[in-house]
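Asker: Handing you this structure, nothing more for now.
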Amino acid sequence: MTGGREPIRVLVVEDDPVAADAHVLYVGRVPGFVAVGKAHTGAEARRVLDRTPVDLLLLDLHLPDVHGLQFARSLRAAGHHADVIAVTSARDLAVVREGVSLGVVQYVLKPFTFATLRDRLVRYAEFRAAVGEASGQDEVDRALASLRAPSPAALPKGLSGPTLERVTGALRGAPQGLTAAGVAESVGISRITARRYLEHLVETGRAGRSPLYGQVGRPELVYRWKSPPP
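Counting from 74, one number per residue, gives the positions in the sequence shown under the working numbering.
This is how it looks when you write it as structure tokens:
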């Protein structure tokens, strides 16, 4: 119980057992939510839904036996009314549009951190808590706005989103870390430009840096992606 309300019951539907366990753990760390089960296929999820009250599905769209949106459509036809937060690595906006009509209230792109999922769940809880009759358009707009993530902060002048994604991808793919020169070579940009993007990642808490000793002269900095907390 949180604030006198029953916790929001979440069913995790994810074919990867390790990811499913992590998502159950994440849900359990958000006040006001409880994971009531997990399923690795659409058929298994249907069996859980038939015997367990569920308010929200954390639904992987690529299940081994059915596409997530097809599964959501079949649930609506069968009279199940649980909302859906879709979990996917796909970035097809046509899929996003189709999901809106099927009760998909949020999308979370893989891979995601606990902080990202927590934000989506908290926003969903705020949306769900809005009850009664709206006094006007503003109140309706506020209720719907609670589902939307805040607009991303503007990048510093001279940095671009696509290049930042490429730098981030290079860093995430190198657990041992990379120097600015290594990132520059991997991404195809100058060393000075690479350092600007890397320093931005450090300043925003997404990467760390440490000196690389053992070389003649000034030690070079090694940048490493920061893994999400367990």
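Positions of the beta carbon are idealized from the N, C-alpha and C atoms, including for glycine.
Keep in mind the model is a prediction, meaning the values are calculated, not measured.
1. Going by beta-carbon coordinates alone, are T236 and I265 separated by less than 8 Å?
2. Can you tell me whether R286 is buried or exposed? The criterion is at least 16 other CB atoms within 10 Å of its CB, across all chains shown.
3. What's the C-alpha gap between S224 and V177?
4. Using the three-state DSSP reduction, which class does E293 fall into: helix, strand or coil?
5. Are V85 and L131 touching if we call contact CB-CB under 8 Å?
6. Going by alpha carbons, who is nearest to P284 out of A118, T252, H113?
7. Determine the burial state of Q249: buried for a count of at least 16 other Cβ atoms within 10 Å of its Cβ, exposed for fewer.
8. Nearest-angstrom Cα distance between G172 and R196?
9. So, for K111: in the same chain, excluding its five sequence neighbours on each side, which residues have a beta-carbon less than 6 Å away from its beta-carbon?
10. So the candidates are P137, G255, R102; which of them puts its Cα closest to the Cα of A117?
11. I need the DSSP call for D156, collapsed to helix, strand or coil.
12. What is the DSSP secondary structure of V103, reduced to helix, strand or coil?
13. So the candidates are F106, Q143, V256, E79; which of them puts its Cα closest to the Cα of R119?
14. Quick check on H140: buried or exposed, where buried means 16 or more other Cβ atoms within 10 Å of its Cβ?
15. Any idea which residues DSSP pairs R201 with across the strands?
16. Just tell me which of H135, V109, L134 has its CA closest to the CA of R124.
17. Who are the near neighbours of V157 in its chain, counting only those whose CB is closer than 6 Å to its CB and skipping five residues on each side?
18. Please state whether the Cβ-Cβ distance between Y99 and L190 is less than 8 Å.
Answerer: Taking the geometry as given:
1. Here residue 236 is taken as the residue at index 163 of the sequence shown, counted from 1. Here residue 265 is taken as the residue at index 192 of the sequence shown, counted from 1. Their beta carbons are not under 8 Å apart, which means T236 does not touch I265 by this criterion.
2. Taking the sequence shown and counting its residues from 1, the one referred to as residue 286 is at position 213. The sequence shown places Tyr at residue 286, not Arg. Label assigned to Y286: exposed.
3. Counting from 1 along the sequence shown, the entry for residue 224 is found at position 151. Counting from 1 along the sequence shown, the entry for residue 177 is found at position 104. Reliability fails at S224, whose pLDDT of 45 lies under 50, so the model's placement of it is uncertain and the value that follows must be treated cautiously. When rounded, the distance between both Cα atoms is 20 Å.
4. Position 220 of the sequence shown, counted from the start, is the residue given in the question as residue 293. Strand, per DSSP.
5. In the sequence shown, residue 85 corresponds to position 12, counting from 1. In the sequence shown, residue 131 corresponds to position 58, counting from 1. Result yes, Cβ atoms of V85 and L131 sit closer than 8 Å.
6. Within the sequence shown, the letter at position 211 stands for residue 284. Of the candidates A118, T252, H113, the one whose C-alpha sits nearest the C-alpha of P284 is T252.
7. What you label residue 249 is simply residue 176 of the sequence shown in a count that begins at 1. Label assigned to Q249: exposed.
8. By 1-based counting over the sequence shown, the position of residue 172 is 99. By 1-based counting over the sequence shown, the position of residue 196 is 123. Cα atoms of G172 and R196: separation of roughly 18 Å, rounded to the nearest angstrom.
9. Within the sequence shown, residue 111 is the residue found at index 38, counting from 1. Only V85, A93, V97 meet the Cβ criterion.
10. Here residue 117 refers to the residue found at position 44 when the sequence shown is read from its first residue. Correcting the residue identity first, residue 117 is Glu in this sequence and not Ala. The shortest Cα separation from E117 among P137, G255, R102 belongs to P137.
11. On the sequence shown, residue 156 is found 83 positions in, with the first residue counted as 1. Of the three classes helix, strand and coil, the one that applies to D156 here is strand, per DSSP.
12. What you label residue 103 is simply residue 30 of the sequence shown in a count that begins at 1. Three-state result, V103: coil.
13. Within the sequence shown, residue 119 is the residue found at index 46, counting from 1. Here the closest residue by C-alpha is Q143.
14. Counted from its first residue, the sequence shown places residue 140 at position 67. Exposed is the call here.
15. Position 128 of the sequence shown, counted from the first residue, corresponds to residue 201. None; R201 has no bridge partner.
16. Here residue 124 refers to the residue found at position 51 when the sequence shown is read from its first residue. Comparing Cα-Cα distances from R124 to each of H135, V109, L134, the minimum goes to V109.
17. Counting from one through the sequence shown, the residue named residue 157 turns up at place 84. Correct list, in chain order: L130, L132, A145, G176, V177.
18. Locating residue 99 in the sequence shown gives position 26, counting from the first residue. Locating residue 190 in the sequence shown gives position 117, counting from the first residue. Yes, they are a contact pair.
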